[in-house]
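Below is one structure, written out as structure tokens, with a few remarks after it.
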Amino acid sequence: MTSNKLKKIFYSPYFLASIICLIIIFFLPDLSGKYKVKLLENGTVFHPNQINYFQDLDFDGYSEKITSFTNGENVHCIQVFNHDGGCIDQWNFKG
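Just so you know, the sequence shown maps onto residues 3 to 97 in the working numbering.
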């Protein structure tokens, strides 16, 4: 009776499919090396709803930090900082 149950288990499509899936998963290439996340900056946010972007604007190989926020006077501001932390420019948009 137990051999009949074992035959049902071993010949079931779920068991056979799981074995084939494990073999396929074992031979899949490692794709995690292509996409890596690296922490660019760790710091505090000075304004509520502040959003930071990093983009190489002048194509010098260093990413500039672009900060977008609304200041206390309800004016939307955009600041651009270079890789050393110095402010390149700031724009204030009313409305």
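All C-beta atoms, glycine included, are put in the ideal place defined by N, C-alpha and C.
Residue i vs residue j beta-carbon contact at 8 Å
| i | j | result |
| --- | --- | --- |
| I90 | V82 | yes |
| F17 | I11 | yes |
| F29 | L42 | no |
Per-residue burial, residue i [other beta carbons within 10 Å of its own, 16 or more giving buried]
| i | result |
| --- | --- |
| K7 | exposed |
Bridge-paired residues (DSSP) for residue i
| i | result |
| --- | --- |
| K67 | F56, F83 |
| D91 | V82 |
| T72 | H78 |
Alpha-carbon spacing of residue i relative to residue j, whole angstroms
| i | j | result |
| --- | --- | --- |
| Y64 | Q52 | 22 Å |
| G88 | I68 | 12 Å |
| V47 | N73 | 12 Å |
| C79 | K38 | 31 Å |
| N44 | H85 | 14 Å |
| N94 | S70 | 10 Å |
| F92 | D60 | The sequence as given places Gln at residue 92; Phe does not occur at that position. Their backbone Cα atoms lie some 16 Å apart in a straight line. |
Those runs of the beta strand (DSSP E) which lie wholly inside the region 7-56 and span at least 3 residues: none
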